[in-house]
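Residue 47 in our numbering is what sits at position 18 of the sequence shown, and the numbering runs on without skipping anything.
Glycine is no exception: its CB is placed at the ideal position from the N, C-alpha and C atoms.
One structure is given here, and the rest of the page talks about it.
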Amino acid sequence: MGVMKIRTFREIDVPNARSGGGTYRPGELRGIVRINPNHCVGCDTCRKICRTNAIEGEIGVTHRINVDRCIICGQCLINCPFGAIEQMSFVDEVMQKLKDKDSLVVAIVAPAVRVAIAEEFGNLPARLR
Ligand code: SF4
Ligand code: SF4
């Protein structure tokens with residue numbers, strides 16, 4: 030089975046992305062995961078997967094995510110058979126900073142990423158160590 034490329038969008042596309050409310054604290058980003066109505070066919074897979082009942086919609090109709098209930102677990106994102114669920118991306122901003130000779134770029138790798146990267150360098154998967 031091939032790997033489906035996850036679609037992305039930018040923070041600028043989400044009004045009030047940095048306001049609090051719902052499961053979000055002030056300063057946290059809202060709407061990091063969203064359903065693209067142009068690609069959703071209303072198959073209902075995501076609604077059954079979501080453990081917080083954050084996804085609304087009838088079968089055959091475009092679904093939507095209630096950001097006040099969404100905890101950004103990403104399960105709907107990786108399980109949508111139609112690639113209709115997108116995630117917010119900051120890759121463009123990072124690439125700009127990396128190219129900017131006047132910017133000092135400091136990277137901090139999250140612990141979970143360390144485990145995944147180790148596999149890329151030939152270490153055994155964590156579950157086999
Ligand atoms: S799984 Fe994808 S196509 Fe199906 S209802 Fe959810 S977003 Fe739409
Ligand atoms: S990211 Fe998780 S919590 Fe949010 S809508 Fe998708 S499955 Fe539900």
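Under the three-state DSSP convention, the category residue i falls into
i: residue 149; result: helix
i: residue 115; result: strand
i: residue 64; result: strand
i: residue 74; result: helix
Neighbourhood of residue i by C-beta distance below 6 angstroms, restricted to the same chain and skipping five residues each side
i: residue 73; result: 88
i: residue 66; result: 91
Whole-number beta carbon distance between residue j and residue i, since they are thought to touch under 8 angstroms
i: residue 114; j: residue 105; result: 5 angstroms
i: residue 37; j: residue 117; result: 7 angstroms
Close-in-space but distant-in-sequence residues of the same chain around residue i (CB under 7 angstroms, 5 per side omitted)
i: residue 94; result: 62, 63, 64, 83, 84
i: residue 75; result: 84, 92, 105, 108, 109, 114
Rounded straight-line distance, which links the Cα of residue j to that of residue i
i: residue 128; j: residue 120; result: 12 angstroms
i: residue 35; j: residue 96; result: 19 angstroms
Neighbourhood of residue i by C-beta, 8 angstroms cutoff - its chain only, sequence neighbours within 5 removed
i: residue 111; result: 68, 69, 70, 72
Pair within 8 angstroms by beta-carbon distance, residue i and residue j
i: residue 126; j: residue 138; result: no
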